[in-house]
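Written below as structure tokens is the structure these notes are about.
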Amino acid sequence: MRIQSSNLAILMLAIFLIVPAGAETAQSTLKIVCTTSVLMDPATYIGGDRVGAISIADPTLCPHLQTDIIPNRIQLNMDFIKDANMFMAYNDSNDQRYNMPAINDFMTANNYGTAEWMTISNPSRGWNTPTNSKLLAAEVEGWLANKDPANKTYYEQRYNDYAKSFDAIEPTESEKKQLNQTQVIVMLWQKEPVEDWLGMNVVNFFAPEFALNGTKTAARVVDDINANPEKYKNVTYIIENMQSGELAKGIEESLKDKGIDAERVIFTNFPGSVEGADTMAEVLNHNKQIVL
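What follows is the structure in structure tokens.
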């Protein structure tokens, strides 16, 4: 009996000693700080349960309009940011001017070290088409695999599933036919997806005052409508960009003054900015459905 009890005690001790060793080797979660939800979306999906990610910029606003709120968002997430494993940026002009410097200043001011940024190879490419979103996601998958090679296969599988979500929202043949016959005026940031992905007929486009040296403001488009009303007679939609504010009210009013019953609609380009569009694929599908 004593021998059996002794053996049982040894077995229990062995189990007790094994548990901490197993806990130490358990999968740890990568903490990722993203400048915007455009990066947080693929990082979260592809990373799955190996990743936790946050976005610094508010998805409902253009990043260059957030200089007053980004420091507050950083403070709210300081416990996450201070010991993050990865920092991801699109590295476009907004990231370079606002988001990345704010994070860098926070890290330096608090002696938390230096943020080593993973940045997109071609920040001028944009992300508002399925093709570009897949290219972005492929870079994110590569960063994750390099950081955590033990889970490379896991990330590759998750990326493949993520890419398929964009295949599912491509326009059908009947949708393409309808879209190809639809004439629009569109905000500059949405011109590429409207023209190259949805295949709509862009009659003209508009942009903020700071873009293109102020040559394509909404007021300039209004001037062209007044000078060439026939050019716009079949326009169905004026497409705004949510994060850029309401720029095209005057365009809509000018068209209606000419008897052209065009509707002003609002696209978005950041996941999490509108209900039901929490992923990039859902964002693009949301935009497509508005004009069908």
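What the sequence shown shows, in the working numbering, is residues 11 to 302, in sequence order. The C-beta atom is built at its ideal place from N, Cα and C for all residues, glycine as well.
Specify the secondary structure class of residue i as computed by DSSP and reduced to three states.
| i | result |
| --- | --- |
| Asp51 | helix |
| Gly274 | Checking the sequence shown, residue 274 turns out to be Arg, not Gly. Strand. |
| Tyr169 | helix |
| Ile42 | strand |
| Val150 | helix |
| Gln191 | coil |
| Thr227 | coil |
| Ser65 | strand |
| Met96 | strand |
| Val232 | helix |
| Glu240 | helix |
| Trp199 | helix |
| Ile28 | Because the pLDDT at Ile28 is just 32, under 50, the model does not fix this residue reliably, and the point stays unresolved. |
Report the CB separation of residue i from residue j in whole angstroms; it is logged as a contact under 8 Å.
| i | j | result |
| --- | --- | --- |
| Ala221 | Ile248 | No, Ala221 and Ile248 are not in contact; Cβ-Cβ is about 17 Å, not under 8 Å. |
| Ile276 | Glu292 | Actually they are not in contact, since the Cβ atoms of Ile276 and Glu292 sit about 16 Å apart, beyond 8 Å. |
| Asn138 | Glu185 | In fact, because the Cβ distance is near 17 Å, the residues do not count as touching under 8 Å. |
| Pro140 | Leu302 | Wrong, their Cβ atoms sit about 16 Å apart, outside the cutoff. |
Please report how far the alpha carbon of residue i lies from the alpha carbon of residue j, in whole angstroms.
| i | j | result |
| --- | --- | --- |
| Gly209 | Glu180 | 11 Å |
| Val61 | Glu151 | 12 Å |
| Tyr122 | Asn238 | 59 Å |
| Arg274 | Leu49 | 29 Å |
| Glu149 | Lys266 | 45 Å |
| Thr124 | Asp89 | 15 Å |
| His296 | Asn190 | 18 Å |
| Gln167 | Pro281 | 22 Å |
Nearest to residue i by alpha carbon, out of the options?
| i | options | result |
| --- | --- | --- |
| Asn114 | Thr139, Met197, Ile80 | Ile80 |
| Thr46 | Ser38, Arg60, Ile84 | Ile84 |
| Lys268 | Ala258, Gly286, Glu240 | Glu240 |
| Ile270 | Asp206, Glu219, Lys243 | Lys243 |
| Ile66 | Asn120, Asp59, Arg107, Ala112 | Ala112 |
| Met290 | Asp68, Asn82, Asn142 | Asn142 |
| Ser254 | Pro218, His296, Ala229, Arg274 | Pro218 |
| Gly260 | Lys144, Ala287, Ile195 | Ile195 |
Inset, instruction - Determine, using beta-carbon pairs with one atom in the segment 35-49 and one in the segment 92-112, whether at least three such pairs fall under 8 Å. - result: Taking a contact to require three or more Cβ pairs closer than 8 Å, the segment 35-49 and the segment 92-112 qualify as touching.
Inset, instruction - Assess, as a yes-or-no matter, whether the segment 153-168 is touched by the segment 221-241 under the definition of 3 or more beta carbon pairs within less than 8 Å. - result: No: the two stretches stay apart, fewer than three of their Cβ pairs being nearer than 8 Å.
Inset, instruction - Could you tell me whether the segment 124-140 touches the segment 99-106, where touching means 3 or more Cβ pairs closer than 8 Å? - result: At 8 Å Cβ cutoff, the stretches touch.
Inset, instruction - Inspect the CB distances between the segment 229-248 and the segment 49-57 and report whether three or more fall short of 8 Å. - result: Cβ pair count under 8 Å is below three, so no.
Legend entry - Three-pair Cβ contact test at 8 Å for the segment 201-220 versus the segment 168-179: Two segments are said to touch when three or more pairs of C-beta atoms, one from each, lie closer than 8 Å; by this definition the segment 201-220 does not touch the segment 168-179.
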